[in-house]
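Protein chains in written order, with our numbering: chain A, 1 to 113; chain B, 114 to 225.
(1) Below 8 Å, how does it come out for the segment 185-200 of chain B and the segment 85-99 of chain A: are there three or more Cβ pairs, yes or no?
(2) In this structure, how does DSSP classify residue 198 of chain B when only helix, strand and coil are distinguished?
(3) Can you pull out the residues from the segment 183-216 of chain B whose beta carbon lies closer than 9 Å to at least one beta carbon of chain A?
(4) Helix, strand or coil: which one does DSSP assign to residue 83 of chain A?
(5) List, in order along the chain, the chain A residues whose C-beta lies closer than 7 Å to that of residue 168 of chain B?
(6) In terms of DSSP beta bridges, what is residue 132 of chain B paired with?
(7) Just to confirm, are residue 31 of chain A and residue 52 of chain A a CB contact at a threshold of 9 Å?
(8) Report all residues from its chain with a CB closer than 8 Å to the CB of residue 82 of chain A; omit the five preceding and five following residues, and keep chain order.
(9) Looking at residue 27 of chain A and residue 102 of chain A, is the spacing between their C-beta atoms short of 9 Å?
(10) Whole angstroms are fine: how far does the CA of residue 219 of chain B sit from the CA of residue 171 of chain B?
(11) Three or more beta-carbon pairs under 8 Å between the segment 127-145 of chain B and the segment 174-186 of chain B, yes or no?
(12) Using a Cβ cut-off of 9 Å (strictly closer), state whether residue 86 of chain A contacts chain B.
(13) Expressed to the nearest angstrom, what Euclidean distance is found between the alpha-carbon atoms of residue 9 of chain A and residue 85 of chain A?
(14) Does residue 141 of chain B have its Cβ less than 9 Å from a Cβ in chain A?
(15) Determine the chain B residues that contact residue 32 of chain A at a beta-carbon separation under 9 Å, and present them in chain order.
(16) Return the chain-ordered list of same chain residues with a C-beta closer than 7 Å to the C-beta of residue 176 of chain B, the five sequence neighbours on each side being excluded.
(17) What is the DSSP secondary structure of residue 57 of chain A, counted as helix, strand or coil?
(18) Of the residues A/21, A/43, A/100, A/12, which one's Cα is nearest the Cα of residue 72 of chain A?
(19) Is residue 41 of chain A close to chain B? Criterion is C-beta to C-beta, closer than 9 Å.
(20) Note down, one range per segment and in chain order, each beta strand (DSSP E) of at least 3 residues found wholly within the segment 20-47 of chain A.
(21) So the candidates are B/147, B/156, B/153; which of them puts its Cα closest to the Cα of residue 162 of chain B?
(22) Note down the Cα distance separating residue 1 of chain A from residue 104 of chain A, rounded to an integer number of angstroms.
(23) Please identify, using Cβ separations under 8 Å, the residues of the segment 147-161 of chain B that lie next to chain A, in order along the chain.
Written as structure tokens, this is what we have:
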């Protein structure tokens, strides 16, 4: 039972354009959501997070949107840069679970110069 | 400020052997979580240590065990290795009940 799903295994975007990565979840107990970026042979790097009391959080070029009724979140990267090419993981946690992270399967983003 | 560190980087073992992986958390962090990432998948939660106790455990067999030391560093032990244990093992640290976990570079374990 996959509680966090990233349905697009890959995404290609032109440099300077917007990248939109999507994530769906099924567990209503999740109240905190995170995005990580992962390069080959490295551990995941924390990018941005959002609490369920908000519907949007911005940090520089990165914005995360949360739609609780649809159990959907998205990561927007504007403008996209070639250095953004990596695997992006969506993760979620619930209060009372020691904040263990449940991850999606990842989306490979390729930003073309 | 050192981030999360893990050792060794790579490890090759044969079926039936035992392995110990090590993790030092980010400075100021007291909670360590371990994850297993198989090829093409997202990381899966193994367990979490806080105040030298296992606080939460994921769906992994008892062959997977751990320890946390007074300096907050941690070990992951896997007994009776089998081929399916081949994966990237990631350690993440956080501060108490804060929500964001920071990951180390991982240990690549290959079981032959």
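Every residue gets a Cβ at the ideal spot worked out from N, C-alpha and C, and that includes glycine.
In brief:
(1) no
(2) helix
(3) 201, 203, 204, 205, 207, 210, 211, 212, 213, 214, 215, 216
(4) helix
(5) 98
(6) B/191
(7) yes
(8) 15, 111, 112, 113
(9) yes
(10) 18 Å
(11) yes
(12) no
(13) 13 Å
(14) no
(15) 212, 213
(16) 191, 192, 193
(17) strand
(18) A/21
(19) yes
(20) 30-38
(21) B/147
(22) 12 Å
(23) 148, 153, 154, 155, 156, 157, 158, 161
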